[in-house]
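For reference, the structure discussed in these notes is given below.
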Ligand SMILES: C[S@@+](CC[C@H](N)C(=O)[O-])C[C@H]1O[C@@H](n2cnc3c(N)ncnc32)[C@H](O)[C@@H]1O
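In our numbering, the protein residues as written are 8 to 329.
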C-alpha cells in the first residue's frame, strides 16, 4: 500500500468510528449566531485550525472544500453562502462522504436556514479536482495537505491553482514543524495520516505555495498544536508542531518576489510628517503601516534610523502595502 492508500484506509475507519481528537487537537469549532453544529460533527472535527474567514466570503463566492471529513467546515461555509451548490466538498473516501451527507441532514434538522443542497458532496481527490479550470473563487483544505509528501503537495497545489479563478483564494490550515521531522517519523505512514509526521517547516511550507505560483500569502494564525515528546516519538529533544492558518492569492508573483504577510508593520518616526519611500509606500509619522515581510526588510535596510519594524504577530487580516 502507498502512504496515500494508508491515509484513505485510516479515514475510512475514522468515518465509521468518530474519535474525538483523533488526528488533531480538539479545539472548539467556530460558533456563529443561529448556527447549531450537531454533536457528531464536533466529534469529527479532524482539523487543526480553521479555514473559515468571513472576510474572504464576500460576493457569493463559489467554494470548493477538499477533504470533507465530517462536514463541519462545509456547514460553516454554507452558513455564509446560502445557495444551492455554493459549496462543493470532495473526498476520495466513500465512507467519509456518506457520513458527511448524514451529518448535513442532521444539521438541517437543527438549523432552519440550512438546506443540505447548499453543499454538493462529490467523489474526488486533491490531485484531480472534479471541476473545470478557473471556475472556483475559494478553495479550502484543513489538515490534509500536511499529510502529502513534498512532490505530492506540489501536485495538489498545482491542481488547486488550475481550478482557482484569477485572484481566487486558497485557504488552508495545516500543522508545521519547528524543526525538520526526522526521516524515521516521516516514513511512518500511520503517523503521517494522523497529521503528526508529514509537517514541513514554516519556510518549506511557504516556499511550496510560492513555487506553485501564489503571489500573495497571508498568515492568519500560528499557534502551538502538538508536542512530539521524547518518550513516544524516540526523539532526543521534544519537537513542537504548530498549526498555521493562511490565505494564498492567485495573483502574479511580483518581479521582486512574493508578498508574505505575517503581521509586521513599519512605523516612521523621522522629523517630517510622512515618508515616501518612492516605491509605493507612504508612511505617516507614528502610524503603523501593515507591510509584507519583503517590504519590511527593504524599508529596514533603506531607512534604519527612521523606520521601526514591528515583529510578526502571525495574524494579518488585510490592508497595508502591495
Ligand atoms: C484530517 S481529515 C480533515 C477533515 C476536515 N477537513 C476537518 O477539518 O475536519 C482529512 C480528510 O481528507 C480526506 N482525504 C484523504 N486523502 C485525500 C485526498 N487524496 N484528497 C482529498 N481528500 C483526502 C480524508 O478522507 C478526510 O476526510
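Here a beta-carbon is modelled for each residue, glycine too, at the ideal position from N, C-alpha and C. Quick caveat, the model's predicted, so the values are computed rather than measured.
Endpoints, alpha helix (DSSP H) assigned at residue i
i	result
residue 197	196 to 200
residue 289	From DSSP, residue 289 is part of no alpha helix (DSSP H) but of the beta strand (DSSP E) over 289 to 291.
residue 147	From DSSP, residue 147 is part of no alpha helix (DSSP H) but of the beta strand (DSSP E) over 143 to 149.
residue 24	No alpha helix (DSSP H) holds residue 24; DSSP gives it neither H nor E.
residue 48	46 to 50
Contacts around residue i, its chain only, beta-carbon distance under 6 Å, and the 5 residues preceding and following it disregarded
i	result
residue 59	37 and 83
residue 141	172
residue 274	295 and 315
residue 133	73 and 163
residue 259	222
residue 204	188, 192, 193, 195 and 198
residue 413	Any answer about residue 413 is impossible in this case: the structure gives the chain only from 8 up to 329.
residue 64	87
residue 147	58, 72 and 178
residue 312	none
residue 137	129 and 131
Extent of the continuous beta strand (DSSP E) to which residue i belongs
i	result
residue 127	126 to 130
Residues near residue i by beta carbon distance below 8 Å, same chain, minus five either side
i	result
residue 291	275, 280 and 281
residue 159	11 and 134
residue 208	183, 184, 185, 186 and 187
residue 39	83 and 86
residue 226	251, 252, 253, 267, 268, 269, 270, 319, 321, 322 and 323
residue 43	114, 117 and 118
residue 41	118 and 120
Check: residue i C-beta below 7 Å from any heavy atom of ligand 2
i	result
residue 160	You won't find ligand 2 in this model; what it holds is ligand 1.
Nonlocal neighbours in the same chain, by C-beta distance under 7 Å from residue i, ignoring five residues either side
i	result
residue 218	161
residue 89	120 and 125
residue 128	75, 96, 104, 107 and 108
residue 165	219
residue 168	219, 220 and 257
residue 23	102
residue 289	281 and 283
residue 230	249 and 250
residue 174	256, 257 and 258
residue 264	301
Those runs of the beta strand (DSSP E) which lie wholly inside the stretch 232 to 280 and span at least 3 residues: Fully enclosed beta strand (DSSP E) runs of 3 or longer: 246 to 256, 266 to 268 and 272 to 275.
The stretch 90 to 97 contacting the stretch 64 to 76, beta-carbon criterion three pairs below 8 Å: Touching, per the Cβ criterion.
Complete beta strand (DSSP E) runs within the stretch 62 to 117 (minimum length 3 residues, chain order): 70 to 73 and 94 to 98
Beta strand (DSSP E) runs contained entirely in the stretch 160 to 229, provided each spans 3 or more residues: 171 to 184
Contact between the stretch 239 to 254 and the stretch 177 to 186 (3+ Cβ pairs under 8 Å): yes
Complete runs of the alpha helix (DSSP H) confined to the stretch 292 to 322 [at least 4 residues]: Counting only runs of 4 or more, we get 300 to 309.
Contact the stretch 234 to 241 vs the stretch 146 to 158: 3+ CB pairs below 8 Å: Too few Cβ pairs lie closer than 8 Å, so no.
Inter-stretch contact (C-beta, 8 Å, three-pair minimum) for the stretch 99 to 106 and the stretch 16 to 26: Yes, since at least three Cβ pairs between the stretch 99 to 106 and the stretch 16 to 26 fall closer than 8 Å, the two stretches touch.
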